[in-house]
Every structure is written in structure tokens, then in C-alpha cells.
Amino acid sequence: MNKPFIEVIFDFIQDSGFAVITWQQALMLLISWFLIYLAIKKKYEPLLLLPIAFGMMLANLPLAGLTAEPQYEMVDGQMKLKQIGGLLYYLYQGVKLGVYPPLIFLGIGAMTDFGPLIANPSSLLLGAAAQLGIFAAFFLARLLGFDNNAAASIGIIGGADGPTAIFLTSKLKPELLGPIAIAAYSYMALIPMIQPPIMRVLTTKKERQVVMKQLRPVSKLEKVLFPIVVTVVGSLIVPSAAPLLGMLMLGNLFRESFVVDRLSKTAQNELINIITIFLGVTVGATATAERFLSPDTLKIIALGLLAFAFSTAGGVLFGKVMYWATKGKINPLIGSAGVSAVPMAARVSQVVGQQENPSNFLLMHAMGPNVAGVIGSAIAAGVLLNLFG
Amino acid sequence: MDIVLDSVKVMVLGMGTVFVVLIGLVFIIKALHRLTDKSASKAEQVFEPAQKSDAVNNAVQLQERVEEDEELVAVIAAAVAASLHRSTHDIVVRSIKRVPAITPIWNRVGRQEQIVTRL
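Going line by line, the protein sequences match chains X and S.
My numbering applies: residue 238 is where the first sequence begins, and numbers increase by one.
My numbering applies: residue 10 is where the second sequence begins, and numbers increase by one.
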């Protein structure tokens, strides 16, 4: 609506070099300060929210030009570099080309113990059921008038997996990267508040009190074969999930093989930290005023919450099915951990279970669906990429 | 109406694929367990005597090192006592085991650099 006005001002900035800030950009600065406050004071996923919020702030400082693309001009029939472009533009290429999220997955793989999942493979079903939110939010987003690509990117928030959401959105609908990443990470931080009411409504007191049998020990051979087999099977069935799944499992093989300790430690510390900085700042920087300040952002934030709620419900309801099928051996509370926010969602299952029965320890049982959720959301992202990519 | 139908198709297809892949994995993991279980039980039989002799060796080595370690015991006991604000008489040291460092090498190098440059 105000576009000509913004463009005029944009030209003015470029011509004169004076800092002229629009009210939209000022508002964006306020939002970024609020997010910085949430990250530092409330500790909402600070490792990501802080760089994201700061990137947002940088991108909305009118003169800095940190996200500027390089500009070329034709001189005597030859392309010549006129302006080299901003720092964040170059760092952003890692997001745009889908490089960072798989590298984050490498680190996550190196940090994840798939033991509880291997010990109780049926928890994979809970990890699958908890992807319901992705497709439910997709459905709702389509009804609200988003196109397929946008709806798929919004839906993936329900996977509760930041890198997967960024990976898919950067391929399908890069314009929405800012709001989607912010919604995904904020809700992941809010999981301890979002999930428990849904879990309590959907389960009976008796179901919540179920004490589960201790998990069997898992041999090293199984742990080593697991990443290899999952990579091959997953990538054969859903090839577009291969970058995420492959890197996740490579990291896990580093961890479980015990022969590349240095690589495993680098993947889970230095590498993932470096990539997190780049990813956070550049994803935040996509939230420029003209992209972020639209009614769509509010819709995305609302749909993201619904996606989380549906995923939780999907997991818990399937947990109930398994409770009935096993005649009360499975506590449905571990179903909610099927959303892949590791290990937050598993901890929520533990806490809610312990409120009903203080001597009940569900944490390790909930880790099974939790890590299954990571695999599940990577596959869901692969399916959506296959359909709309 | 078209939108609704299309989205339902996507939902069914998406959830369906996720379930198919993960159910497939359930069976594969179970098969893996069965396969490795057999080889694992064989492996255990082979390893058992080796483990025992290891334990014996360790015990011998430990005895040899007991005297060298007395000073170490004294130092560690004193440190524990100091940090707990108790007398050393209240503490009985039964064994001392060295835990391998878990901090990554980069962090250790960084720490060392800090110590060298600042102290």
C-alpha cells in the first residue's frame, strides 16, 4: 500500500547516504529489542533467539546495508562489480542453498543417543503421529488463503524442529523465513506451557500413572548399524529427506563408532555453534520491515501455535491407542514427546507424569518418541519438498 | 472445495508416508536386534575370560601404585574436606579413579591460553 513511499525513501537513502528510518523499521527495532529481552531475561531458546533478534535489528538499520546484494553493471559489454554487497548477504547463502540446517543436524546427530529408540522401536510410531500438526496446520493455512508452498512452510512449524523448518522454508518460501523461524523457536521455548494442558485433557488419571518397564540395554553393534540403516532406508523412500537425515545419522555414527572422538566433539560443539551463529543472524536478517510487518505474520504465529497443539494431541492420542493395544503398558504421556524439540518435550512428559506419580520416571521412555520425532519431521519435510519443491 | 480436497490429499499422503517409513524402521530395528542378539551372545562368551584377566591385571597394577598414590589421596581428601567445610577426619577415601577429560580439545586449548596470557 505504502510501497511507492517506501521506495522513494529507499532511493533517497541510496542517493544521499543519510540515515532515514521509516516507522516500520523503527517498529521492527522495537520488536527485535523485545525478542532480545525474551532471550536474555526469560531465556527463551537464547542460543538461537538472541542471534535471530540481533540479526533482525541489523537488517532494519537503514544505512547499514548488511543484507544488500552485490550489484553489477555492464561496462563495454562486460559485467563489472559495482557494489560488493553486505556481510549478511554472503552468510545468508548458507541458508539459501540449504547448507546450514543439515550441518546443524550433523551436530544434533552427534549429540543424540538413539539408544532409547532402538530399545523400544514402537516409539517410532509416536514420533510419526506427532507430525499431525504439520499437516493440520498445512490444511488450515490453505483455508486461510496461503498458497501451497507457504502453507507447507507454515505447517512444518508443527514439526517443532528449527533446522528442518528453516531448511524447508528456505527452499519453498524464503520470504516467510523470518516469521516462521521466530514462531518455531518461540513456541519450542514455550513447550512446557503449551503441552501440559493438552496432555491432561486428553488422558485419564489412570493412564498418566502408568509406570513403564525398564528399557533393555542396547548393544554397540546395534547403535552403529542404526544410523547406516536409517540413512539408507529413509533416503531410498524419501530422497529429498536425504540431506537432513544423512547428516543427522553421520553425526550419530561419529558418536557411536567411538573411533572419531575429535570429529564427534567438533560436530557437537564448535561446528554447531559456528553454524548456529550464522544461521541465527541471517535468518533474523530476513525479517525486514516490508516482509515482516504484514497480516500474514500474525496468521503464521497463530497457525504455528495450532500446529504445536495438533502435534501434541496427535502424539498423545496415538499414545492412548498404544496404551489400549498393549493393555496398559505404555504411558500415553510419552506421546507428546513425539514433537521433536529435544529434549524439552521429553522433559515435559517426565514432569507431567511425575505430578501424578512421584516415583514414575518417564524421561528415558519419552526420549524414544522424542528422537523418533526428529526423524519423522525430517521425513515430513522431505515429503513436502517432494510435493511442492 | 478444491482447496479442501487437495489439502486432505496432501495430509493423507504426508502422514501416510511418514507412517510407512517409520513403521518400516520399526521392523528393521527389530530385525537388527534379532541379528545382533545372536552374534552378541557369541561375542560375550569369547570376551568373558579376557575381561577377567583384565580385571586381575588392573588389580595387580593398582597394588603396585598404592604407595605412590598415598600423597594423591592426601591431597584430594584435603581438597574435598576444604570444599565441604569439614575436617579430614570425617572423610574416608575408599578409592580414587581418574575420570578422562570430557571437555573438547579446543576448549582445553582455549583455557590454557587464558591461563598463559592472564596469569
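Note that CB positions come from ideal geometry on N, CA and C, so glycine has one too.
What residue from the options has the CA that sits closest to residue i's CA?
| i | options | result |
| --- | --- | --- |
| residue 260 (chain X) | X:527, X:443, X:614, X:477 | X:527 |
| residue 421 (chain X) | X:265, X:538, X:619, X:276 | X:538 |
| residue 512 (chain X) | X:413, X:329, X:574 | X:329 |
| residue 289 (chain X) | X:565, X:280, X:418, X:493 | X:418 |
| residue 625 (chain X) | X:424, X:406, X:423 | X:406 |
| residue 269 (chain X) | X:612, X:243, X:297 | X:297 |
| residue 39 (chain S) | X:459, X:506, X:342, X:552 | X:459 |
| residue 359 (chain X) | X:580, X:579, X:575 | X:575 |
| residue 509 (chain X) | X:285, X:590, X:279, X:430 | X:285 |
| residue 434 (chain X) | X:592, X:375, X:493, X:280 | X:592 |
For residue i and residue j, I'd like the C-alpha separation in whole angstroms.
| i | j | result |
| --- | --- | --- |
| residue 380 (chain X) | residue 392 (chain X) | 13 angstroms |
| residue 604 (chain X) | residue 346 (chain X) | 14 angstroms |
| residue 254 (chain X) | residue 387 (chain X) | Confidence at residue 254 (chain X) is low in this model, with a pLDDT of 43, below 50, so the placement of that residue is unreliable and no value is reported for it. |
| residue 620 (chain X) | residue 475 (chain X) | 7 angstroms |
| residue 136 (chain S) | residue 115 (chain S) | The structure shown does not extend to residue 136 (chain S), since chain S is modelled only from 10 to 128, so the question has no answer here. |
| residue 99 (chain S) | residue 90 (chain S) | 8 angstroms |
| residue 540 (chain X) | residue 531 (chain X) | 15 angstroms |
| residue 390 (chain X) | residue 445 (chain X) | 34 angstroms |
| residue 470 (chain X) | residue 337 (chain X) | 23 angstroms |
| residue 304 (chain X) | residue 595 (chain X) | 52 angstroms |
| residue 416 (chain X) | residue 456 (chain X) | 43 angstroms |
| residue 122 (chain S) | residue 427 (chain X) | 39 angstroms |
| residue 348 (chain X) | residue 111 (chain S) | 13 angstroms |
| residue 25 (chain S) | residue 300 (chain X) | 49 angstroms |
| residue 245 (chain X) | residue 258 (chain X) | 12 angstroms |
| residue 101 (chain S) | residue 113 (chain S) | 32 angstroms |
| residue 452 (chain X) | residue 36 (chain S) | 18 angstroms |
| residue 601 (chain X) | residue 583 (chain X) | 8 angstroms |
| residue 439 (chain X) | residue 274 (chain X) | 34 angstroms |
| residue 579 (chain X) | residue 22 (chain S) | 26 angstroms |
| residue 564 (chain X) | residue 120 (chain S) | 54 angstroms |
| residue 28 (chain S) | residue 404 (chain X) | 21 angstroms |
| residue 11 (chain S) | residue 500 (chain X) | 50 angstroms |
The beta strand (DSSP E) spanning residue i covers which residue range?
| i | result |
| --- | --- |
| residue 310 (chain X) | 308-312 |
| residue 317 (chain X) | 315-320 |
Tell whether a beta-carbon distance below 8 angstroms holds between residue i and residue j.
| i | j | result |
| --- | --- | --- |
| residue 319 (chain X) | residue 306 (chain X) | no |
| residue 363 (chain X) | residue 571 (chain X) | yes |
| residue 478 (chain X) | residue 616 (chain X) | yes |
| residue 546 (chain X) | residue 344 (chain X) | no |
| residue 598 (chain X) | residue 366 (chain X) | no |
| residue 295 (chain X) | residue 522 (chain X) | yes |
| residue 567 (chain X) | residue 436 (chain X) | no |
| residue 340 (chain X) | residue 486 (chain X) | no |
| residue 335 (chain X) | residue 371 (chain X) | no |
| residue 612 (chain X) | residue 31 (chain S) | yes |
| residue 517 (chain X) | residue 331 (chain X) | no |
| residue 41 (chain S) | residue 497 (chain X) | no |
| residue 354 (chain X) | residue 608 (chain X) | yes |
| residue 569 (chain X) | residue 585 (chain X) | no |
| residue 287 (chain X) | residue 276 (chain X) | yes |
| residue 351 (chain X) | residue 463 (chain X) | yes |
| residue 482 (chain X) | residue 468 (chain X) | yes |
| residue 577 (chain X) | residue 614 (chain X) | yes |
Kindly list, in the order they appear in chain X, the residues whose Cβ is closer than 7 angstroms to that of residue i.
| i | result |
| --- | --- |
| residue 108 (chain S) | None at all; the shortest Cβ gap to chain X is about 15 angstroms. |
| residue 42 (chain S) | 459 |
Please compile the residues from chain S whose C-beta is within a distance smaller than 8 angstroms of the C-beta of residue i.
| i | result |
| --- | --- |
| residue 506 (chain X) | 113, 115, 116 |
| residue 368 (chain X) | 23, 24, 27 |
| residue 471 (chain X) | 30, 34 |
| residue 474 (chain X) | 26, 29, 30, 33 |
| residue 620 (chain X) | 22, 23, 26, 27 |
| residue 557 (chain X) | In chain order: nothing, as chain S lies at least about 17 angstroms away. |
Note down, in chain order, every chain X residue with its Cβ under 8 angstroms from the Cβ of residue i.
| i | result |
| --- | --- |
| residue 31 (chain S) | 361, 362, 364, 365, 609, 612, 613, 616 |
| residue 45 (chain S) | 456, 458, 459, 462 |
Which bits of chain S does residue i rub up against, with CB to CB less than 9 angstroms?
| i | result |
| --- | --- |
| residue 379 (chain X) | 12, 13, 15, 16, 19 |
| residue 499 (chain X) | 113, 114 |
| residue 411 (chain X) | Neighbours of residue 411 (chain X) on chain S: none; closest Cβ ~21 angstroms, over 9 angstroms. |
| residue 355 (chain X) | 38, 41, 42 |
| residue 404 (chain X) | Near residue 404 (chain X) there are no residues of chain S at all, since even the closest Cβ is about 16 angstroms away, more than 9 angstroms. |
Looking at the unbroken alpha helix (DSSP H) that takes in residue i, where does it start and where does it end?
| i | result |
| --- | --- |
| residue 449 (chain X) | Taken as a continuous stretch (DSSP letters only), residue 449 (chain X) belongs to no alpha helix (DSSP H), as it is neither H nor E. |
| residue 557 (chain X) | 532-562 |
| residue 407 (chain X) | 399-409 |
| residue 113 (chain S) | Looking at the DSSP string, residue 113 (chain S) is not in any alpha helix (DSSP H), and its letter there is neither H nor E. |
| residue 513 (chain X) | 509-522 |
| residue 504 (chain X) | Element bounds for residue 504 (chain X): n/a, residue is neither H nor E. |
| residue 605 (chain X) | 600-625 |
| residue 468 (chain X) | 457-474 |
Give a single yes or no on whether residue i has its beta carbon closer than 7 angstroms to a heavy atom of the ligand NAP.
| i | result |
| --- | --- |
| residue 507 (chain X) | Judged by which ligands are present, the structure shown has none, so any question about the ligand NAP falls away. |
For residue i, which residues in chain S fall below 7 angstroms Cβ to Cβ?
| i | result |
| --- | --- |
| residue 467 (chain X) | 34 |
| residue 624 (chain X) | 19 |
| residue 400 (chain X) | Per Cβ cutoff of 7 angstroms: no residues; residue 400 (chain X) is ~18 angstroms from chain S at best. |
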